[in-house]
Structures are given as structure tokens and as C-alpha cells.
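Some notes on the structure that comes next.
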Amino acid sequence: MTELFRYSPLDLAGRSFRLLMLHQGMAGEISCNIFEASLESDSAMPYEALSYAWGSTDQSETITANGKILHVTKNLYSALGHLRNKENRILWVDAICIDQTNLQE
């Protein structure tokens with residue numbers, strides 16, 4: 001697996017945003033699925049928001065997102081590792097759910 005994760009564009013005129021499903025596990029590789037969600041009440045789903053200090057962006061760790069490589073800060077990697085448990089979790093994490101290279105988002 002050497003392909004880097006690429007964001008699909010969001011409908012910025014709509015009420016959509018991204019969430020991630022942190023896959024279950026207690027150790028080993030951290031993996032997730034990043035998907036588009038809606039703020040519309042009929043399709044809204046519960047999620048947890050992760051608030052943390054980004055830390056240095058000079059050093060990064062690697063997780064798997066939608067089967068592809070995604071680099072995250074060491075602080076985020078550590079937080080995701082602590083949040084994993086026996087069931088998948090739906091999270092909103094600013095550094096992952098917002099395309100940091102897209103100023104419109």
C-alpha cells in the first residue's frame with residue numbers, strides 16, 4: 001500500500017461534511033474510513049468530536065484511510081490509538097475531516 005489518500009470534493013453549497021469511522025482494534029495499525037455526511041435531520045447520524053492539540057507538524061505518523069496512506073501528527077495518532085476500542089466509532093476530527101489543502105473548506 002503506497003497510494004496516498006486523496007479527498008473527494010464536498011458540495012460546499014450543501015450541508016455536507018466529512019466524518020471518519022475509526023475501525024475497531026486495541027493494537028496495531030490504525031485504520032479508518034472517511035465519508036461524507038449530511039446535516040439534514042432525516043439523515044443525520046451521531047458522532048463524537050475530537051478536540052486535541054495538533055502538536056508539531058514536522059513529525060508525522062501514518063494511518064490507513066479508505067485503504068490508502070494518510071499522514072497525521074504524532075498527537076493525533078496517539079489520540080486515535082487511545083480512542084480505539086472493541087467497536088467502530090464515528091468521529092469528527094478537524095485535521096482529517098477538513099481537507100487542509102482546500103481553503104474553501
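Under UniProt numbering, the residue at position 10 of the sequence shown is numbered 10, and the numbers go up by one with no gaps. From the three backbone atoms N, C-alpha and C, an ideal C-beta is built for every residue, glycine too. The structure presented is a predicted model; accordingly, all values stated were derived computationally and were not measured.
### Query
Contact between the region 39-55 and the region 80-96: three or more CB pairs below 8 Å?
The region 39-55, when compared against the region 80-96, does touch it at the 8 Å Cβ threshold.
### Message
Just to check my reading of the structure: Y77 and I30 have Cβ atoms closer than 8 Å, yes? What is that Cβ distance to the nearest angstrom?
### Response
7 Å
### Task
Would you list the one or two residues that DSSP bridges to W92?
A49
### Task
For N102, name the three-state secondary structure that DSSP assigns.
coil
### Message
Only counting the same chain, and skipping five residues up and downstream in sequence, which positions put a Cβ closer than 8 Å to that of A95?
### Response
W54, V72, T73 and L76
### Message
So, under 8 Å CB-CB, F17 and C97 are touching, yes? Tell me the CB distance rounded to an integer number of Å.
### Response
7 Å
### Message
Within 10 Å of its beta-carbon, does I63 have 16 or more other beta-carbons around it, so buried, or fewer, so exposed?
### Response
buried
### R15 classed as buried or exposed, judged by whether at least 16 other C-beta atoms fall within 10 angstroms
exposed
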